[in-house]
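Colleague: Position 61 of the sequence shown, counting from 1, maps to 996 under my numbering, and the rest follow consecutively.
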Amino acid sequence: MVPRTEAVYLDDATLRTLSTEVLSSQPISSLCEEEKSLAKNVPTEDNAIIMRQTIFYAQGGGQPSDTGAIALVDQDPTFEVSLVRKTPDGRFLHFGKFLDAASSFVAGQQVVQRVDDSKRNYHSRLHTAGHIIGLAMQLLMPDKKKVKANHFPREASMEYEGLLYNEHKPVIQEKVDELVRLDLPIPISWLQGVAQVGDGEGAEEGRSHDGRTRIASIGGLDHNPCGGTHVARTSFVGSVTIRKISRQKGISRVSYDVFPGIEV
Ligand SMILES: [Zn+2]
């Protein structure tokens, strides 16, 4: 049985390359049904690589997967990573294709992972902007309970119980702008046990198998259990725009975007 993957990005989200060991490399068609179902929209002739450690963020907690490449040490990349998913028992499946269909990796080989830097930064800014809106809402309307968060490009939003209207938009925008301008630090820490603070959107991903919970804070004002990737300071998100406030069945959605974006 291949052991769980050490998710290195949880402790250091700044790494964009990492040398590690291949534990398994196999075609998606040979995976079990449960793992196959994780490879949604990936061609079945593609492959799944598991390594001892990873710096690739696996899709979850409202944040999209990283993409990138894997190379043998001191060689050009031979494998393009299109999607990373985590199995329930903590193994990270790196789905993608070999540039030369005839090549492959074998267990025990040392490889170098390379994460697509511009996409990771963009995803981290979108995700962190969600936390900043969450903090702005907590400061402005502490009684509004957050129910959902989505940090995907073009559909990023935070959802709250109760009704919010267009008149709230400039108020939220102003508070968000202020928090960005304050350039607050966003430290990551670990708590023993399951944290009772907040209901972070990535809380599930932030729960460690050894019983610790990862906490993303904003300048001592906000503490959320979260397994996502963040920028180091609020100013690093760039400019956050509250695009729209919409309502459905008693839930209000605050849609937002960050600028500059990237060509995805
Ligand atoms: Zn987060």
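Ideal Cβ positions, reconstructed from N, Cα and C, are used throughout, including at glycine.
None of the values given here were measured: they were computed from a predicted structure.
How many angstroms separate the CA atom of R939 from the CA atom of H1029?
Modeller: For R939 and H1029, the distance between alpha carbons rounds to 13 Å.
Colleague: Considering only residues of the stretch 1015–1042, which uninterrupted beta strand (DSSP E) runs meet the minimum length of 3 residues and lie entirely inside it, listed in chain order?
Modeller: Runs found: 1027–1033.
Colleague: Residue range of the alpha helix (DSSP H) that R1116 falls in?
Modeller: Per DSSP, R1116 belongs to the alpha helix (DSSP H) from 1103–1116.
Colleague: Taking 7 Å as the cut-off, is the CB of H1058 close to at least one heavy atom of ligand 1?
Modeller: H1058: no, Cβ never under 7 Å from ligand 1.
Colleague: Can you tell me whether DSSP reads V977 as helix, strand or coil?
Modeller: Coil.
Colleague: Quick check: is any heavy atom of ligand 2 less than 7 Å from the C-beta of G995?
Modeller: Ligands displayed in this structure: ligand 1; ligand 2 is not among them.
Colleague: Any heavy atom of ligand 1 closer than 7 Å to the beta-carbon of A1071?
Modeller: No, the beta carbon of A1071 sits no closer than 7 Å to any heavy atom of ligand 1.
Colleague: Run through DSSP, which three-state label would Y944 get?
Modeller: DSSP places Y944 in helix when its eight states are reduced to three.
Colleague: So who's on the other strand from A983, going by DSSP bridges?
Modeller: Paired residues: Q961, F1030.
Colleague: Starting from the C-beta of S1181, find all residues in its chain whose C-beta is less than 6 Å away, skip the five residues before and the five after it, and write them out in chain order.
Modeller: Same-chain partners within the cutoff: R1188.
Colleague: How big is the Cα-Cα spacing for R1053 and D1001?
Modeller: According to the sequence displayed, residue 1053 carries Ser and not Arg. Cα-Cα distance, rounded: 10 Å.
Colleague: Run the CB neighbour count on N1159, radius 10 Å, all protein chains shown included, and call it buried at 16 or more, exposed below.
Modeller: So N1159 ends up on the buried side.
Colleague: Compute the beta-carbon to beta-carbon distance between V1016 and G996, rounded to the nearest angstrom, for a pair I have assumed lies under 8 Å.
Modeller: Going by Cβ atoms, the distance from V1016 to G996 rounds to 19 Å, so no, they are not a contact pair.
Colleague: When the Cα of L950 is compared with those of Y1191, D1118, N1056, K1079, which residue comes out closest?
Modeller: Residue N1056 is the option with its Cα nearest to L950.
Colleague: With D1052 as the anchor, note down where its alpha helix (DSSP H) starts and where it stops.
Modeller: First-last of the alpha helix (DSSP H) with D1052: 1052–1075.
Colleague: Tell me which residues share the same chain as L1007 and place their Cβ nearer than 7 Å to its Cβ, disregarding the 5 neighbours each side in the sequence.
Modeller: For L1007, where only same-chain residues beyond five positions count, the Cβ hits under 7 Å are T1013, Q1044, V1046.
Colleague: Going by beta carbon distance, what residues of the same chain come within less than 8 Å of L953, once the five residues before and after it are set aside?
Modeller: Correct list, in chain order: V943, Q988, T989, I990, V1047, Q1048.
Colleague: When burial is assigned at 16 or more other CB atoms within 10 Å of the CB, is D1145 buried or exposed?
Modeller: By the 10 Å Cβ count, D1145 comes out exposed.
Colleague: Is C1161 near ligand 1, with its Cβ less than 7 Å from a heavy atom?
Modeller: Yes, Cβ of C1161 sits closer than 7 Å to a heavy atom of ligand 1.
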